[in-house]
Each structure stands twice: as structure tokens, then as C-alpha cells.
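Visitor:
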Amino acid sequence: MNRKRWIILLGLIYVIQSSWTSMAVTDRDILSDPVANVYTANILGQTISDTLSFTDVPNNHWAKDPITRLGALSIVKGYNENNAMRYRPNGNVSKQEALAFLLRVVGLEATANQAAENLEVGEGEGLLSIWSKGYLQVAANNGLITQLDLGDGLILDQEALDPEFNFIRAQNVTREQVAMWLVQAINIGNPGRIEPIYVNNKIFTLSDWQSIDLAFVPYVEAVMQAGIMVGDANRFRPKGSLTRAEMAQIIANIDDILYETLDKTVKAGIVGSISDAGVIGSINNESKRTILIRNDEGLVDQVDLIVTSNEQNKISRLDVPVLGPSGVRGLSSLREGQSIVYIVDNTTLEMEYVVVKGDTTTTQVKGILQPLTDIDNGNLTIKNTTGVPITYKLSVGLYNLEERQIKIGEYYRAIENAPVSETITLTVQNNLVTKIDQEGATPLSAEVSGIVKEINTQFNFITIEKWDGGELTKYFNRNQVRVEKQNYYDIEDEIGYIDEIFPDYRFDERDTGIEAIEVGDIVHLLMSSNGQYIEAISAKTNYNVKFGEIVSLVSYGAGGVSIRVNYGDGSIGSLNVDGFVPVLQSTRNIGAGNLKVGQMIKILMNQGVLAPGTVVETVKQIDVDPYGNIYARIYKGDLGYMNMATGTLSLLNSYHLTKTGWSGYNPMTDLEMSGAGVEIFHNGSQISLSYADRFLRTDTMKAYVVTEKHYDRERIKKIVFEDGRDDVLASTNVSYSNGYDAIRLISSVGDIGINPGTIVLKNNHIVSTGSILSPDYAQVVLAGQGRAVIVNVLPEPNNDAISVFRGRISNIETNREVKVESQAILKDMTWIYSPIQREFTLSYDTVIMDESGNIPLSDFIDYSELSKVDEVYTIIAEGTKATHLIKNPYATEGVVGEIYSINNDNIIGIKDALVYDSTTKLWTELSIRNNYASLEIVTESVIIKNNKVVGMEDLELGDRVRAMVTVDLSEQLKLTDNRQATGYILFVED
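Basically this note's numbering = 1-based index in the sequence shown + 58.
#1: Would you call the CB atoms of G395 and I482 closer than 8 Å?
#2: Whole beta strand (DSSP E) runs in the segment 418-461 with 3 or more residues, listed along the chain?
#3: What whole-angstrom Cβ distance do N259 and V275 have, given they're in contact under 8 Å?
#4: What do you get for W267, buried or exposed, if any count of 16 or more other CB atoms within 10 angstroms of its CB means buried?
#5: Which parts of the segment 949-982 are runs of the beta strand (DSSP E), unbroken and 3 residues or longer, counting only runs that do not cross its ends?
#6: Our contact map puts N489 next to D354 with C-beta atoms below 8 Å; I'd like the distance itself, whole angstroms only.
#7: With T932 as the anchor, note down where its beta strand (DSSP E) starts and where it stops.
#8: Checking 8 Å against the spacing of the C-beta atoms, do L715 and G698 come in under that value?
#9: Give the straight-line distance between the Cα atoms of V1023 and T950, rounded to the nearest whole angstrom.
#10: Using three-state DSSP, classify V278 as helix, strand or coil.
#11: Please identify the residue among V876, I309, S331, L803 whose C-alpha is closest to the C-alpha of D920.
#12: Could you spell out the range, first to last residue, of the alpha helix (DSSP H) harbouring L208?
#13: Would W120 be called buried (16 or more neighbouring beta carbons within 10 Å of its own) or exposed?
#14: Where does Y835 sit, in a helix, a strand or coil, going by DSSP?
#15: Since V541 sits in a beta bridge, which residues does DSSP pair it with?
#16: Measuring straight from C-alpha to C-alpha, what distance separates I473 and I464?
#17: Taking the alpha carbon of V10 as the point to measure from, which residue in Y457, T431, N458, S610 has its own alpha carbon closest?
#18: What separation, rounded to the nearest whole angstrom, lies between the Cα atoms of I556 and E772?
#19: Classify P684 as buried or exposed, calling it buried when 16 or more other Cβ atoms lie within 10 Å of its own Cβ.
#20: To the nearest angstrom, report how far apart E529 and A476 are at their CA atoms.
#21: For K885 and I860, what's the separation of their Cα atoms in angstroms?
#22: What are the partner residues of L710, as DSSP defines its beta bridges?
#23: For V863, tell me which candidate among T521, L157, I1043, Y411 has the shortest Cα-Cα distance.
#24: Between the C-alpha atoms of Y1061 and F262, what's the straight-line distance to the nearest angstrom?
#25: Following the continuous beta strand (DSSP E) through Y533, name the residue where it begins and the one where it ends.
#26: Using the C-alpha atoms, what's the distance from S925 back to S613?
#27: Assuming I692 contacts Y798 under a Cβ cut-off of 8 Å, what Cβ separation, rounded to an integer in Å, is found between them?
#28: What is the rounded straight-line gap between the Cα of T790 and the Cα of Y835?
#29: From this set, K153, L157, D114, which residue's C-alpha is nearest N140's C-alpha?
#30: Looking at R251 and I244, is the spacing between their C-beta atoms short of 8 Å?
#31: Measure the Cβ-Cβ separation of L392 and V380 and say whether it is below 8 Å.
#32: Could you spell out the range, first to last residue, of the beta strand (DSSP E) harbouring A940?
#33: Verify the CB distance criterion: does I133 have a CB-CB separation below 8 Å to chain B?
#34: Would you call T204 buried or exposed, if buried means 16 or more other Cβ atoms sit within 10 Å of its Cβ?
#35: Going by beta-carbon coordinates alone, are S265 and R293 separated by less than 8 Å?
#36: Does the segment 951-968 come into contact with the segment 932-943, if we say contact requires no fewer than three beta-carbon pairs (one atom in each stretch) closer than 8 Å?
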């Protein structure tokens, strides 16, 4: 081989190694993993130092990255001053510069340069001035400036223009003008990605918002909401100027929108391997450095630094600008183990910019491995020591989907043999798992127990919630696992509750199979010797009781029935009752076929709560119960004597609860305490009566007692002890309930605590806290520390009047019924969300319409191109009957006033107008002088008068109307002097 060429090649290798210090591979698997993407470098090395190494932007400058990044993307440019590149970061941005920056963002630099060639040029006019005119021409062509502005900008003698009336291209641009141009420019290359926003919110956080010119307001609102321009110390300075450094930061803040518009992708990763190779040719010599990057999706990206030398020993380099600790360099400055962010072009597959974020942060994380249900997407989940699930992305070398294997330690094993529920250690680099190690055999008890959260017979695993709140997943062999299910009546029943109201339930068999295990069952798992598999399961049911009235029923003969039950909160739940489920009336099994509409029933069900709002229920028994367990009264008083022989408890200085508060003082009230089902609580914890007798007889301690009707008498069902005075709140709607420890009322500011001791009454029955749902209408009695001792759900006043709902359609039974979910009910001016699924009946006179007019009932279906599923409708209902379904906007603002005019253009005028502030929930005058407003009535408007839907012709002068609208009329009046809004829901008030 030619010795001279060897020397040249070694020299080239030295060139690219001059700033690289380590050859050790930091990611062992990266060399064997397939390369997902190969990117090329396209910038000559000298160009990097010539164009991006700005001498007036030091490495510690706050805008160093955005200036360098946008320079690499040819959006911002510098100035060559005395053979040194300068950016002038503190220089103010002119109008022509701002337009040039923004038009480059949408890729119109070449268009602007071509436009400049066709413009008239003044004698001696410099190239920079000519190019600027090209940008002005393109800006005018795309509507950023007017033709009049363009005419001013093309005038050679700019000093002759009046800055108050003319567009002067060299004049400093204002911040509000940049906001408008930025939104308009992005819409050239990426229409609809960011648009002016006319419903203002963000600008009101500014102390100088009133200084923004009206034409710029929606654009300032848009860039503030997008986080592109955010102001400084609660000031936007709309008339203020911008520096070139600030302009670079603003464009960088466009972030995803910028890269979408330019068709580029920003990626992050870790430099895992750097290797060098050389090729000697007959004419040219080439040295190549291959850099492998493990990206944040676990895949491998590759980029090559190529240095060539020709016959004349002229060296050229294809490189990528890299911003690192030493300033702007090339790919040769990268080191293995560094964490980087890089920009690639999606079309050319060129890498255009790299910024070094620092050395890789490698951590080791321990946790309990969860089932590998998302391994196909390269994700693994562990639970940390506090039980919080955390999902990590795996390096591609750690799993093999074709072989269904995962790498634990140094070896691959089948995915189904992964150490699920065992402790593992993850080696994590920048949130990417590069290694999985299994801990030494984790001590596990031979038996574990908890409540079944999931039973999967396809993949043969069971997940339980342990008594300490943690979750555990174990696998079983369905052909070998031994299963027995304990009858509920064999369980020690501490309060005798279920045993008392379902005394005849005896239908389970103990020995059974895995198919008998249900979500909600309490299970004990006997593990194999290595703790990997379940050998035996002993289960017992997790029963719950509900009460309600059957409102409809569909019979399937011997297969059972489907019933809809009104639980007393205005909601209707659907239940399937299999034919073998016992249905008892007066201890006699009458069978599911004898259930009837109108019966009050008690339902025993096995219930598992998978997540808030997600409950799996299986009906086990139904009792038709016209009398038992209906509550009689709630008392409060001081604990008196107890006679265990006669089963009697006395309350001293007692009262009973009425709708208006405590009433009916009695010096002593004797109450029956017989029966095994008495529950006694103090501060949310269950206690014994003897404990209360010994420790809770204090001057300030009050006993709250709820009794139930027991045939012709009443007896105690629950006793709750609370210290101090109580407070009976005015009855109102529940706006939020998690069913466990908190509720919220429309009239309250914060949460009200609830606990297992809280007395909850609903539909004349004693129920659990889980039965409290929005929008229940409730009377709440507070004890100390904002805690509810009583929640009494009452029939809502005017319950026979029509109600207004909004709901997302989930199912339609043509001409008969519509089912909605994610629904809300309108209370006064507030939409109260409820998780309850609702069903409404349809009939021939149900009116359905959208903005185009009436929709025939036969076209209101859940299939074909006419499907209404997932559409949101406003529903006017009388009980469960939908009288009107209107597809109209979500209106949360309001205006109220007296009608003084009605014209033929569907416009009504109202005087003494008040506008509703949805934030403060207060009504304020629209204006101090000439206080009037106009309401437009459109096709999809609905008017309610005297508890029925009427037409506009039924409105009269003098009627007082309250309208739900979509705009804040006060703000609209300030900004546009417009007093008109579209009324979508109108109530004629007395």
C-alpha cells in the first residue's frame, strides 16, 4: 500500500479524534441492536465556525442555545464585522427583521429572495436592503402587511416617511405586532395549528393588558396560552421593543409548532458508541466516525462524521453543529455517555443540530415487577416502595417480541416466566432502561391474601390488593390450581348485617374451579415453594348491599331478567339477574321471573372497585322488601343508661332531625337496641358499646343515633359519637363525591370529610358513603373539623319540574331509549358533572334538532353514517322521559334581564341586564349607563317557560329571562362594543 496514503489516512483519523478522549462503549447492547435510523451530516465543518460561532454570544449567554439552534436551521443570521461573526443579541429587532425571521420559520426565504429579484432597485442600494424588500413583498402576498404598508416599505427614502402614519421598515417592531405576525405566519405553513383566540383569559393576568391595541388582543391571547410569549413580571409591554436575543427565544418557544411547520423532529438520546474507520481510494481518502445514539424510545440512531482528502491533500468535512460546554463545535466533540438533544429533517434525513445536555445520569431503581401487558410497545412497569406504578421504556436489546423473551441479567427468558411480583433492579439512563437485574430470592410468605382486583384466565394471572394497600400479581396453571370458595355464612360476621337481611342465602358450593373467582372476592393464595406460582386459592365473597325501586324489567324466560333500578338519587342502574339467582319474598324463593316494576328490593351483590367510578357487580340474591331496613328517625343527645337485658338505650336531652334542623326536644328518649346489626363509631372508627360507656361519657360528647323501621316499631341501626357542637347546613346539591373520604357542596368552598361512621340516608334507606353521588340534593350535618356526621339525601324541591342535562350519547334503542354517559345536570348557572350513566325514554313527541333543524326520530340512531354516538346533546327531561334533545354549544356564561322588545329577526332586547361571572358566581350590571343587551334566538335555542319548552312566539314584553350563553358579555362589550349574544338555553323566570 502507498505509504503516503497511509500517512494521509492516519492524519485524517487524527483530525476527527483530536477532541475525543474515550473509546469504551457505554451501552453494551447498542452494537448488536439493529439501527433504526441513519442520518447524514450536510454542513461543511468550516461553515460551522464561520456562521454559528458568534463572538458576542458567549457560552454563558442566556440565549446561547436558541440563537445557535435557530442559526443551524437558517432562521436567524449574524453579521460579519471585521472578519468576526456577531449576532448583536442586544440590538432591537426592526419590522423588516421580524418579518424575515418569521417567514424563514415557514420556509419562505428562497421565495423572498426570488421576489427581491423582481423589485425595482435604487441606485447604489445594498443587497441587504434589496433582500428586505423581498421579505416585505412575500409578507404582503400572505396578508401579514397591507399593500399600503408594502408601498411605504419599498420607498427608497425611508426618512421622508412619518412614523405616526407610515410603515417604516427599519422602525423597531412592537411586541404586540410580533404576536400577530407570528400567528399569521405559522398559519401560512401550518394552517389551524395556532389561531387567534377571542375568548380572553390569559391577558387578564397582566397588569398592562388594557394597553394592548384591540386588533392585537386575540393574537396576544393566543401566544400567551401557547407559552410562546409570556410577558415579564405580569407585564406584556405591548408597545415595547424586542432584542434579537429575545426574538430568538420567542421563535424557539414555538417548539412543536415550529418543528411541525419545518417538518423536523426533535429527539433526545445518549451517545452509546463511537467508532472510527478509514478507506484509501485511488484519488480520494475518507475517514468516517460512526456515532450510535440510543434515543429516548430505546431505538438506535446513527450519524456519520465524514472527512475526505483529495489528490491535492485538501481536507473537507461533512459535519453537524454541536453546542457543548466549549461552545459550538462539530460531531468530533461528542463523547460516549453524553446526553444529547438533536434535530433531524424528516424528508432529507439530515441531522441539523445537536446540543449536549451533560453526562448521562445513570441510576438504579428498585421495585416490584408488574405483569408485562405492554411489552409489545417496549414498556415495563414496576411499583416502587410506596406502591406507585412507574412505567419505563426498554432498550430494544432487552426484549425480543418474535421469540417472546425478555433479558433479565445476562440471559433471556420467556416473557411468561418473568419474575412478576418479584423485586427487580433497573439500570436507567435518562429514563431509559438499559439493564434488568433480579434481586436474590425475595422473602415471601407461603400465603398471601387480599381482594381480587383482576382475574385474567387468558394469561392465567390474578392481581390482588393486599391489606397494606399494595398490589400483588401471581400466575397460576388453571388445570392444576386448587380452588375453594367459602360461603359467606361461614365467615365470622362482626356486625351480622348481611346475615340478618339475607338469612336464607345458601346457594354457593365450597369446592369449585378458577372460573368461580370474581373481582371483589377476598382470597388467600398458597404459593409454590419458589414463590412463582399459585398452588391453591381459598376465596370468600366481598358482598355489598344496595336498595332501590325497579322501574323497568325485561324477561329472558328461564335465563333470568334485566332490571333497571332507581337507587333514589335520580339515577338508574342496569343489572342482569341470572335465572338461578334466588329472589325471596317472605322467606320464599319466588324466582327472578316474579320480579315486578314498582317493587322495592334489597340487592346482595359481589362488588369489586377497580378504580374510582369503575365497579364490577354480580347479583347474588334479591329480597323483595316492602318494610325492612327503612330508616325511621335520626336522633342526637347525651348517652344515658343502657340495659343490655332488655336491649334498651336511652338518650338524654334528645332531638330528632327534620328538614329544617333539630327539633322535638325530649328530656329522655328510650330506643330499642336489639338485633345483631348495630354499628357504633367514634371519629370514623368502629368501637364497641362498652368502650363508649366507659370513655365517651363527657359533657361535650354527643351521640347521633339512626333507627330503622322494624315492622311496627323502630330500633337502633347505627350510633355515632362526635365531640362538640354540630352545624346543620342548608340543603343543596352535591357537586363532587369520591365515595370514600370527601364530598363537596355547591354552597361550600372546600371539601367536607366523610368516613365509615358517617350516617348516610338515601331513598329512605341507610346506605354507605359510596352511595353519595353528584348531583344528590342533601342536608349535611357537620361535626368538628369540617367532618360530616350526617348526610341526608332528600327529594329535590320541584322534583316534578323539567330538568336540563348535557350528555354524550353512548347507545340508542331506536324510537325507544337513549343512554348517555359523561353527563351533567344544570343547577341554576352551574353544570354539575356526574359519573352516573343515565337512560332517557323516547317517544313519538320527543323533539330532536341541531343547527340545521329538526331530526326525525327514525334518524336518531347509533349506526351507519347517521350515528349520533359520541355526540353531545342538551336534554330536556321530565323525570326519565326526554322531551327535547338539542345539539347546541356548551354554554357556561349567563345574562339576565327584562324583555323590552321582540323583533322579527329573532332578536329580543332586554333591559336592566345582569351578567354572570362564572368565576365569582356573582351577577353584576352589564354597564352603568344605558344598561341593555340583545339575545339572538337560533334554531338550536331552547326556551323554558312555566316548566315546559315553548317557542319564541310565547315570549312577552315584561318577561324576565335568564339566558345561558357562550361569551362573557361584559368582556365582549369592553373589547368590541358589542352587546349581543346568542342565547342557547333561556329560562323565563317569575
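Built from N, CA and C at the ideal position, the CB exists for glycine as well.
Guide: On the basis of the data shown:
#1: no
#2: Secondary structure in the segment 418-461: the beta strand (DSSP E) runs of 3 residues or longer, each lying completely within the stretch, are 420-427, 437-441, 447-452 in chain order.
#3: About 12 Å; that fails the 8 Å criterion.
#4: buried
#5: As far as the segment 949-982 is concerned, its whole beta strand (DSSP E) runs of at least 3 residues are 951-960, 965-975.
#6: That belief holds up - the Cβ atoms of N489 and D354 are roughly 7 Å apart, short of 8 Å.
#7: Start and end: 930-936.
#8: no
#9: 6 Å
#10: helix
#11: V876
#12: 205-212
#13: exposed
#14: strand
#15: T570, I595
#16: 6 Å
#17: Nothing in the structure corresponds to residue 10, since the chain is present only between 59 and 1048.
#18: Confidence at I556 is low in this model, with a pLDDT of 37, below 50, so its placement is unreliable and the value that follows should be read with caution. The C-alpha of I556 lies about 19 Å from the C-alpha of E772.
#19: At P684 the pLDDT is 43, less than 50, meaning the model places this residue with poor confidence; the figure from the coordinates comes in the next sentence. So P684 counts as exposed.
#20: Distance from the CA of E529 to the CA of A476, rounded to the nearest whole angstrom, comes to 17 Å.
#21: 12 Å
#22: D696, M726
#23: The amino acid at residue 863 is misidentified as Val; the sequence shows Phe. Among T521, L157, I1043, Y411, the Cα nearest to that of F863 belongs to I1043.
#24: The shown model of the chain, from 59 to 1048, leaves out residue 1061, and the question about it has no answer.
#25: 529-534
#26: If you take the alpha carbons of S613 and S925, they lie about 28 Å apart.
#27: Actually they are not in contact, since the Cβ atoms of I692 and Y798 sit about 22 Å apart, beyond 8 Å.
#28: Approximately 5 Å, taken between the alpha carbons.
#29: Nearest option by C-alpha distance: D114.
#30: yes
#31: yes
#32: 939-944
#33: Looking at the structure shown, chain B is missing, and only one protein chain is on hand.
#34: exposed
#35: yes
#36: Inter-segment contact for the segment 951-968 and the segment 932-943 is absent: fewer than three beta-carbon pairs are separated by less than 8 Å.
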